[in-house]
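Colleague:
Protein chains in written order, with my numbering: chain A, 1 to 163; chain B, 164 to 581.
1) Measure the CB-CB distance between residue 289 (chain B) and residue 372 (chain B) and report whether it falls below 7 Å.
2) Just verifying my parser: in three-state terms, what is the DSSP assignment at residue 143 (chain A)?
3) Please classify residue 498 (chain B) as buried or exposed, where buried requires at least 16 other C-beta atoms within 10 Å of its C-beta.
4) In angstroms, rounded to a whole number, what distance separates the CA positions of residue 279 (chain B) and residue 99 (chain A)?
5) Could you tell me whether any Cβ in chain B is nearer than 7 Å to the Cβ of residue 92 (chain A)?
6) Taking 7 Å as the threshold (beta carbon to beta carbon), is residue 262 (chain B) in contact with chain A?
7) Whole beta strand (DSSP E) runs in the region 13 to 94 of chain A with 3 or more residues, listed along the chain?
8) Using a Cβ-Cβ distance cut-off of 7 Å, determine whether residue 327 (chain B) contacts chain A.
9) Report the three-state DSSP secondary structure of residue 409 (chain B) (helix, strand or coil).
10) Assign residue 454 (chain B) to buried or exposed, taking buried as 16 or more other Cβ atoms, counted over all protein chains shown, within 10 Å of its Cβ.
11) Out of curiosity, what's the CA-to-CA distance linking residue 381 (chain B) and residue 247 (chain B)?
12) According to a CB-to-CB cut-off of less than 7 Å, which residues of the region 340 to 365 of chain B neighbour chain A?
13) Given this structure, state the Cα-to-Cα distance separating residue 109 (chain A) from residue 91 (chain A), to the nearest angstrom.
14) Across the region 291 to 300 of chain B and the region 346 to 361 of chain B, are there enough close Cβ pairs to call them in contact, namely three or more that are closer than 8 Å?
15) From residue 145 (chain A) to residue 115 (chain A), what does the alpha carbon distance come to, in whole angstroms?
16) Any C-beta of chain B within less than 8 Å: which residues of the region 12 to 36 of chain A qualify?
17) Can you check whether the C-beta of residue 180 (chain B) is within less than 7 Å of a C-beta belonging to chain A?
18) Quick one, are the C-beta atoms of residue 523 (chain B) and residue 486 (chain B) less than 7 Å apart?
19) Under a CB-based cut-off of 7 Å, is residue 96 (chain A) close to chain B?
20) From residue 22 (chain A) to residue 95 (chain A), what distance separates their C-alpha atoms?
21) Tell me residue 110 (chain A)'s beta-bridge partners as DSSP assigns them.
22) Closer than 8 Å by beta-carbon distance: list the chain A residues that pair up with residue 439 (chain B), in chain order.
23) Roughly how many whole angstroms lie between the Cα atoms of residue 71 (chain A) and residue 48 (chain A)?
24) Quick one: does residue 431 (chain B) have its CB under 7 Å from some CB of chain A?
25) Between A:75, A:140, A:40 and A:60, which has its C-alpha nearest residue 10 (chain A)'s C-alpha?
26) Only counting the same chain, and skipping five residues up and downstream in sequence, which positions put a Cβ closer than 8 Å to that of residue 308 (chain B)?
27) For residue 140 (chain A), which residues from the same chain have a beta carbon less than 8 Å from its beta carbon, with the 5 sequence-adjacent residues on both sides left out?
28) As a quick exercise: from A:35, A:13 and A:7, pick the residue whose alpha carbon is nearest that of residue 148 (chain A).
29) Does DSSP put residue 468 (chain B) in a helix, in a strand, or in coil?
30) Nearest chain A C-beta to residue 544 (chain B) closer than 7 Å, yes or no?
Next up, the structure:
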C-alpha cells in the first residue's frame, strides 16, 4: 500500500505540499508523472503531412519524445526535492487519465490537484483529465486546490425552490 | 495512345508515386518512383512534349526558389534564430501560459510566413515544446498551435508554402500584389485559430506556470535577423523592378552560407543537404505526372465542378473543393491538379484554391486519406495517439478559419483588385 502523488505540469507543487502535510512520515510515497503521447504524435503527423521531404531524422516527433522524457525527469526531480522525503519516481507514457487510474489501483491514497476553472467553486474546477481520474479511480482521493481556494461566496446561488 | 488509355496510365502512375511517397519502403527517397513515372508519361506521350517543356520551364525557377528558402531557414536555425525566439517567448510570457500562446502565435505566424511551413514544423516546434517545459506550462496548446499555424499562417507570402510558390508562378501576380491580397485572409485565419485555441485548451492554459530562470540565453543572432529583413526588402524591390523574387531569397541564403563557410561553421555538403535535392526532383517529377492526369481527362471531368465566375460563392466553393481534395490526396498534388483548371479565371480563383489547400490539411489527422489508410494497414507506432483531440480541433478550426479567410480575400480583391 502506498500513496500516489500525481505530478503534472503547473499544479504539482500543491500535490507535493499536501503530501508533506497529510501523509504519515513512514508511508511509501510514489511520485507519478504521465507524458501525454498525443503531443509528440501531433508534431510527428505535422511532418508526415509534408509530402516528399524525405529525411526521417528531421521528424520533430522523435525530438519531442526526447524532450518530453527529459522534462518529465526534471519535473519528478523537482518534486522529489520539494517533498524532501524518501520516495519512488514513476515515469509513464500514454493517455494520462487511463495511466493514473491504472497506477492508482489498490493504492492507499491518490493525491490530485484541481486543474479546471479555478476562479470559483464548482464542478468545472476539474478539467477533463482530472474529472476522469476522480470519476474512475478505485482508491480514495485527496483533491487539493493548486492555489488558494476561491471564497465560499463564489458558489452559484441555489436554484429557485418550487413551492 | 488513346486519351482514355493515357489517362488510365497516368492515374495509376500518380497513385504509385503518392503511395510510395507516403509508404517510403526502406526509407528510399520519394523521387525513386516519381522520376521513372515522369519519364514514362513523357516517353509514352501521355503528356505532350510542348506541355512537358512548358511545365519544366515554369517549375524550374519555382524549385530554385524553394531550395533558396529551405537553405535560408536552415541557416537561420544554425545562427540560433529559433533558440533566440524560444528564449524571448520564455522571458516575455512571464509565467503566463495564455501570454505564451499569444507569443507562439506571433512567432509561429511570422516564421511560417517568411521561412515557410517546413521551418515551423521541423525547427520551431521542438523549440516551442522546450520553452513550455522551461516555464512549467503544459505543452499541448503550444505544440498544437505550431502544427496548425504551419498550415493556416502559410497564406501570406509566395515563400510561405510550396503550394504558394506553385500558385504564384501560375498567377502572374507580383510578390507584393500577392502579399497584399493575402494579408487580410492571413490575419483573419490566424485570429480565428487563436480564438478557438483559447477556448479549446482553456484547462491547460488556466493552470498557470512559473517565470523562466534567467541568464542562460545565448546572444541574439543580429546578423541573421538583418539578413532576413534585407531578404524581405529584396522581395519588395525585386517585385518593383520586375525581377524574380527568387533572387532575393537566393541572395539571403548565399550571404548566410558565405558567412558560415568563412567561419567554418558549416560545409557545402551540409548546405546541399539542407536544400534537399531529392525533394526538389520529386516536386518536378510529381508535377509532370499530375500534368498528364489533368491533360488526359481530369480537366474535363472536374471542369464542370469548378465555378470560375469570381463571385463570393464561387470562391467559397473553390476553397472548399480544394480543402476536400487536399484531405483526400495531399495538398501538393491537390494544388497541382486545381491550378491549371483555375488559372484561366484569374488570380482571385487561384488564391481561393490556395486558402483551401493551405488551411484544409488541419482537418484530418494524417493529412490525407491515403496516408491514414497506409498507416492503418501498417499499424505504425503512435497512430492512435491524439486522434480525438486532433479531429475535434480540426473540425472546429478549419471552417472557422477557411470561411472568413475567403470572405477576406473577396474583400481584398474588391479593394485592391485582382
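Cβ atoms here follow ideal geometry from the backbone N, Cα and C, with glycine treated the same way. On a predicted model such as this, the values are computed, not experimentally measured, just so you know.
Modeller: Taking the definition as stated:
1) no
2) strand
3) buried
4) 38 Å
5) Look at residue 92 (chain A): its C-beta is not under 7 Å from any C-beta on chain B.
6) no
7) 29 to 36 and 88 to 94
8) no
9) If DSSP states are grouped into helix, strand and coil, residue 409 (chain B) belongs with the helices.
10) Label assigned to residue 454 (chain B): buried.
11) Note on geometry: alpha-carbon atoms of residue 381 (chain B) and residue 247 (chain B) lie some 7 Å from one another.
12) none
13) 18 Å
14) no
15) 8 Å
16) 36
17) no
18) yes
19) no
20) When only Cα atoms are considered, residue 22 (chain A) and residue 95 (chain A) end up about 28 Å apart.
21) Listed as beta-bridge partners of residue 110 (chain A) by DSSP are A:4 and A:141.
22) 53, 54 and 55
23) 25 Å
24) The beta-carbon of residue 431 (chain B) is placed no less than 7 Å from the nearest beta-carbon of chain A.
25) Ranking the options by Cα distance to residue 10 (chain A), first place goes to A:75.
26) 264, 267, 268, 271, 291, 356 and 360
27) 108, 109 and 110
28) A:13
29) coil
30) Summary for residue 544 (chain B): the model assigns pLDDT 48, below 50, so the residue's position carries little reliability; its value from the coordinates is reported in the next sentence. Closer than 7 Å: no.
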